[in-house]
């Protein structure tokens, strides 16, 4: 009986997709090869870059007759604005920071340049979906450099190397984990399955809610594809079925994003590692190139990206629909109206800060907020080094360090520590050298090399007055070890910024 229902469902989905693309095609064509241009020379003039990335909010700079307002200039907000702009819509993006780009922005201090979020990306090989999408929203101007095949090093007491490559990743792991060949092959198979079948999960967002709800409640999803079972299984449980090797289990979840393996989906962790299977990449010219090349697409359609524009409220019309926002400048509040409002400011800011209180208090809103919570934070330390790349011995490889190979116990134990115990018991650390990944870095900032410590940390805001102590701890304990032991470099030539 169930196979007949699956056949009917497949026909319905196919019909829905065909109708969607046929009707969408009549309205506009967003993607086109004609929009691509040969890459222009890298712009290094600070005034030119600031005029685009740091254009401040003024009432007379807000375009007239807007089609949409986007709150926040992170990659999500800029991408939404660029796609609407390519469809002929006029959009304004409002950013509270003094520079557009969100986690793709960079900053300079004492001659050093640091990126805050784009450490490395995968799946940017020629013809990949991500590469095509980025080419479209930047008109082919955003260029990437492929990192070394050995792109990550994991330190669990013992050192493990992660290599990119269709077969090289698995072959390298088998050499480092003799006797675990069967487990590694099965993990790679599941990674491939996850990558190929994940679009099915997105289908649940496209089809009508009643149909998606029926598929979930009836248990038919597992019959359609095992990818739904992978998504619903926590990582620790799945890896325990594959191997007893604790180091291999830790390696399968080393790309830590704030959630212990026992609380995270196996599908997500598998996709993260698979993301780099075809290579790791870094933007030529630095992370700020993302916003620098997306903004002109928005401007050409009559839109704008304005910074120092803190949104205060989302405005609602008499029917209760969003009709614009207000921007607070000093004591004055400016209204900006548009029929569409897109928030890239996160669920908590959107529903607990921007919307009117009566809307916030609605049961459906509160039930949504009850499903999410703030995750574990991280503490970033930016370090500048004087010297050449060869003198310093720095590489493009990233380093992930953990105190223990049982990541679940490690994070659980850390979360239970008191304020006094936290500083001396950092469970993990991520070290990366953005300057070593970008071949233009030595031209733009000769002799200056920056690197970054990202330290897993409970929310800094619950530890008032301890930030200075944290910096001192990092310098005295971690910097001395890292610079003298890992990179054979004296700490007297470094400065924490």
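Residue numbers (UniProt numbering): 1 to 497.
Positions of the beta carbon are idealized from the N, C-alpha and C atoms, including for glycine.
If I follow the unbroken beta strand (DSSP E) through residue i, where does it start and stop?
i           : result
residue 161 : 158-163
residue 329 : 322-329
residue 342 : 341-343
residue 109 : 106-109
residue 336 : 332-337
residue 126 : Where residue 126 is concerned, there is no enclosing beta strand (DSSP E), given that its DSSP letter is neither H nor E.
residue 171 : No beta strand (DSSP E) holds residue 171; the alpha helix (DSSP H) holding it covers 168-176.
residue 283 : 280-283
residue 316 : 311-316
residue 94  : 91-94
residue 113 : 112-115
How far does the alpha helix (DSSP H) with residue i in it extend, from its first residue to its last?
i           : result
residue 292 : 289-300
residue 304 : Looking at the DSSP string, residue 304 is not in any alpha helix (DSSP H); the run it does join, the beta strand (DSSP E), is 304-306.
residue 383 : From DSSP, residue 383 is part of no alpha helix (DSSP H) but of the beta strand (DSSP E) over 377-386.
residue 144 : Not the alpha helix (DSSP H): residue 144 falls in the beta strand (DSSP E), residues 144-146.
residue 180 : From DSSP, residue 180 is part of no alpha helix (DSSP H); its letter is neither H nor E.
residue 36  : Taken as a continuous stretch (DSSP letters only), residue 36 belongs to no alpha helix (DSSP H), as it is neither H nor E.
residue 389 : 389-392
residue 365 : 363-369
residue 441 : 441-444
residue 273 : 266-275
residue 356 : Premise fails: residue 356 is in no alpha helix (DSSP H) and is neither H nor E.
For residue i, count the other beta carbons within 10 Å of its own beta carbon; 16 or more makes it buried, fewer makes it exposed. Which is it?
i           : result
residue 321 : exposed
residue 32  : exposed
residue 129 : exposed
residue 132 : exposed
residue 120 : buried
residue 75  : buried
residue 46  : exposed
residue 426 : buried
residue 206 : exposed
residue 152 : buried
residue 396 : buried
residue 209 : exposed
residue 274 : buried
residue 277 : buried
residue 352 : exposed
residue 369 : exposed
residue 388 : exposed
residue 60  : exposed
residue 289 : buried
residue 65  : exposed
residue 398 : buried
residue 405 : buried
residue 106 : buried
residue 445 : buried
residue 356 : exposed
Taking C-alpha atoms, which residue in the options lies nearest to residue i?
i           : options            : result
residue 103 : 92, 83, 78, 91     : 78
residue 234 : 263, 221, 259, 165 : 263
residue 73  : 67, 81, 66         : 81
residue 407 : 335, 272, 258      : 258
residue 442 : 111, 156, 100      : 111
residue 401 : 364, 155, 295      : 155
residue 295 : 136, 122, 184, 41  : 136
residue 379 : 336, 318, 116, 106 : 116
residue 300 : 163, 139, 108, 127 : 139
residue 148 : 219, 42, 134, 163  : 163
residue 194 : 179, 176, 225      : 225
residue 49  : 450, 286, 183      : 286
residue 450 : 297, 343, 114, 175 : 114
residue 391 : 318, 399, 436      : 436
residue 297 : 161, 84, 354, 434  : 84
residue 381 : 430, 34, 187, 328  : 430
Of all the alpha helix (DSSP H) runs that stay within the bounds of the stretch 49-88, which reach a length of 4 or more residues?
75-86
Counting only runs that start and end within the stretch 188-261, where is the alpha helix (DSSP H) found for 4 or more residues in a row?
209-218, 220-224, 227-232, 235-242, 246-251
Touching by the beta-carbon criterion (3+ pairs, under 8 Å), the stretch 140-160 and the stretch 277-295
yes
Alpha helix (DSSP H) runs contained entirely in the stretch 400-439, provided each spans 4 or more residues:
407-415, 419-422, 434-437
Stretch pair the stretch 346-353 + the stretch 363-381: three plus CB contacts closer than 8 Å
yes
Would the stretch 262-275 and the stretch 39-57 be scored as touching if the rule is three or more Cβ pairs under 8 Å?
no
For the structure I just gave you, are there three or more beta carbon pairs, one from the stretch 307-321 and one from the stretch 162-181, closer than 8 Å?
no
Quick check: the stretch 80-99 against the stretch 296-306, are there 3 or more CB pairs under 8 Å?
yes
Are three or more beta carbon pairs between the stretch 195-204 and the stretch 221-233 nearer than 8 Å?
yes
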